[in-house]
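Below is one structure; the comments refer to it alone.
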Amino acid sequence: PFRQDTYLIDGELREWKGEFTNIYSTISSTEKYERTLLGSVPSLGKADALEALHSATEAYNKGKGLWPTMKVKDRISAMLKFVKQMEKQRDEVVKLMMWEIGKNLDDSHKEFDRTVEYIYDTINAYKELDNESSKFVQRDGVYALIRRGPLGVVLCLGPYNYPLNETFALIIPALIMGNTVIFKPAKHGVLLFTPLLEAFQNSFPRGVINILYGRGRTVAPPIMESGKVDVLALIGNSKTAIALQDQHPKKNRLRLVFGLEAKNPGVILPDANLDLAVNECVKGALSFNGQRCTALKILYVHAKIKDEFLKRFAEKVDALKFGNPWDEKVALTPLPEVDKPAFLQELIDDALAKGATIQNKKGGQRTDNFIFPAVLYPVTKEMRVYNEEQFGPLIPVKPFSNINEIIDEISDSKYGQQISLFGEDPHELSPLIDMLVNMLCRVNLNSLCQRGPDVFPFTGRKDSAVGTLSVHDALRSFSIRTFVSFQNN
Ligand code: G3H
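Using the working numbering, read the sequence shown as starting at 254 and increasing by one per residue.
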C-alpha cells in the first residue's frame, strides 16, 4: 500500500504522524476485480483545518503584494511554472488515477491532457480578460481605473469522477485571479495529487494553496463556521453543498460556484438515424461507467422505433468489455464507491417490481465491485430510477408518443443541465431546440451530452449548478470588478 505522509499547509510539506484514513482501490492485479487496499492519507482534524484557513487568510490579507496584488505577468509566470512541473508527473498521476478510481488508461491520459490544456487556455484567457478589464474611463469629470480583482479565500471540494480536470477547473481560475485556496480532494482520487504537491509548493507563495486530507465532515465545518471563506466552490452533490453553505454565519454574502446533479435526457425522435443514436447513447450513458454528471441518465424513445432501438442498444451495451482499467479496449471498469453496486441493485429491483424488464442479456450481473449495465424498459414516473440520479451503469428507457410529454417532464424536473436530441427534420427540430435551450443550458444535436470542450460554458439551471464554469466564465466567477477613481476638483 501507498502511504501519503505529507500534506501542504502554509507552503510546507508536513510530515504526518497521526491516524491514517485508508483508501481502497477498486481493482486488483488478479482477474477477480477485488477491492484492495491501495494506500492511506492523513486523517487531518479541526486544528489542521484551522491552520490551513489561517494560512490562506494571511496569504490573502497580509501577503503584501505576494499574491492578490502581484503583477499579472508574475502570476502568469507562477502558473506556467506549475503546469510545466505538472507535465513531468504525467505517468505517476495517470497510474494513480487508474488505480484509485478505475478510469481506463486512455481516459486517464485524456483527462491529464485536457487539464494541462485547460491551464494553458486559462492563462491565455486571463491575459485577454486583463486587457479588456483594465480600462481607464471617465464620466462627468470622474475618472476611474477599472480592474478585475480577487474575492478572497476559496474553499474548494473536488469530486472523485474527474479528480484532476474538475478540481483544476475550480482552483486554477481561483488562483490566477489572485484568490487564495484551501482544497480538499474527494476520498477516491486523493493519492493522485501526491506527485503534484511539490509543483504547488515550488510555484506559489506560501499559504496561497493549501491541500487538506481527511474526512470532509471533519475538516470542512470548522472552516465554514469561521465565516472567513469568501467563495465556496464544489463539484459534487447538492446535499453537501447546501450543508456547507448553511454552516457559514453570513451565508448570503458567500459567493457560490457549484456543479451538482443532473438527469440529462436523450430523446430519440422517429426519424432519427438509429445507428448514430445508439452509438452516442451508449457512449453518453456509459463512458466511465456512467459516473459523469453530464451522462445521459434517461432515454426517451418514440413508440414507432422503440423495438428496433432497444434491440440494437441492448446488443451494443452487452458487447462492451469489462476489465482492469489498464487493459486494452476496456470500456467498463470496477466502481470506486463501495456501496454503489448495492444502490444500483435497489433501483433495478424497484423498477422490476413496478413493471420494467431488463432488456440486455448481461444486465445486472454482479461482481464484488461492479454491476453490468442494465437497460430498463418501460420506465415510469413511479420508479426510483426515474426520480433519482443513478450516477452509475444503469439506463432507464421510457417510451413517448408526443414530444410535449417530454417537455412537461423536463419542466417538472428539479434538474436542468442539458439534453441530447436525435432526429433529422429541421422543421421539427428547430422550434424544439429554441424551447429546450431556454429550459436547460445545452442542447446536443445528434450527439451525446458532455461538458467539453472546456472553453464552452458549463452550467445548469435549477438544482444542477450555481455559477458557470468554462475557461472564460470561471475567471469571472472567481473575481469582482473594482476600480480606483479620482476627479478634477
Ligand atoms: O462529470 C462531469 C465532467 O466534467 C464530464 O466532462 O462530459 O466533458 O466528459 P465531459
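C-beta: ideal position from N, C-alpha, C; glycine also.
In this text, all values refer to a predicted model and were calculated from it rather than measured experimentally.
For residue i, count neighbouring C-beta atoms within 10 Å of its own C-beta (all shown protein chains included) and say buried if the count is 16 or more, exposed if not.
i	result
E635	exposed
G617	buried
H680	exposed
T283	Caution applies to T283, whose pLDDT of 46 falls short of 50 and renders its modelled position unreliable; the value that the coordinates give is listed next. Exposed: under 16 other Cβ atoms inside 10 Å.
D528	exposed
S654	exposed
S308	buried
Keeping to the same chain, check which residues put their C-beta closer than 7 Å to that of residue i; ignore five residues upstream and five downstream.
i	result
L382	R401, L728
Y415	E364
K516	K550, I551, E642, S666, Y668
H362	V347
Can you tell me whether residue i sits near the ligand G3H, meaning its C-beta is under 8 Å from at least one heavy atom of the ligand?
i	result
S308	no
C546	yes
G720	no
E225	Here the chain comprises residues numbered 254 to 742, so residue 225 is not present and cannot be evaluated.
F511	no
G676	no
N577	no
S540	yes
C409	no
C694	no
G519	no
Just list the residues that DSSP pairs residue i with in beta bridges.
i	result
R367	The partner list for R367 (beta bridge, DSSP) is empty, contrary to what the question assumes.
K651	Y553
T735	R400
I488	G512
V632	None, per the DSSP bridge assignment.
I521	V554, F675
Q391	Y396
T586	DSSP, once it has assigned bridges, lists no residue as partnering T586.
R545	Answer is none; R545 lacks a bridge partner.
S293	R256, N275
If I follow the unbroken beta strand (DSSP E) through residue i, where does it start and stop?
i	result
Q498	Where Q498 is concerned, there is no enclosing beta strand (DSSP E), although the alpha helix (DSSP H) it sits in stretches over 491-500.
E265	265-268
L303	It is not in any beta strand (DSSP E) - L303 instead sits in the alpha helix (DSSP H) that spans 299-314.
T259	259-262
Give every residue of the same chain whose Cβ lies closer than 6 Å to the Cβ of residue i, excluding the five residues on either side of it in the sequence, and list them in chain order.
i	result
V531	R565, F566, K569
K334	S456
I424	C409, V434, F436
I601	G617, A627
S730	V510, G720
I'd like the span of the alpha helix (DSSP H) that includes residue i, first residue to last.
i	result
C534	527-539
N463	It is not in any alpha helix (DSSP H) - N463 instead sits in the beta strand (DSSP E) that spans 462-464.
Excluding five sequence neighbours on each side, which residues of the same chain lie with their C-beta closer than 8 Å to the C-beta of residue i?
i	result
K503	G480
I354	T279, Y413, N414, P416, H441, G442, P589
S723	D707, V708, F709, P710, F711
L261	R267, L450, F453, Q454, I462, N463, I464
I686	L674, V696, L698
For residue i, verify whether its CB is less than 8 Å away from any heavy atom of the ligand FMN.
i	result
F711	The ligand FMN is not part of this structure, which contains only the ligand G3H.
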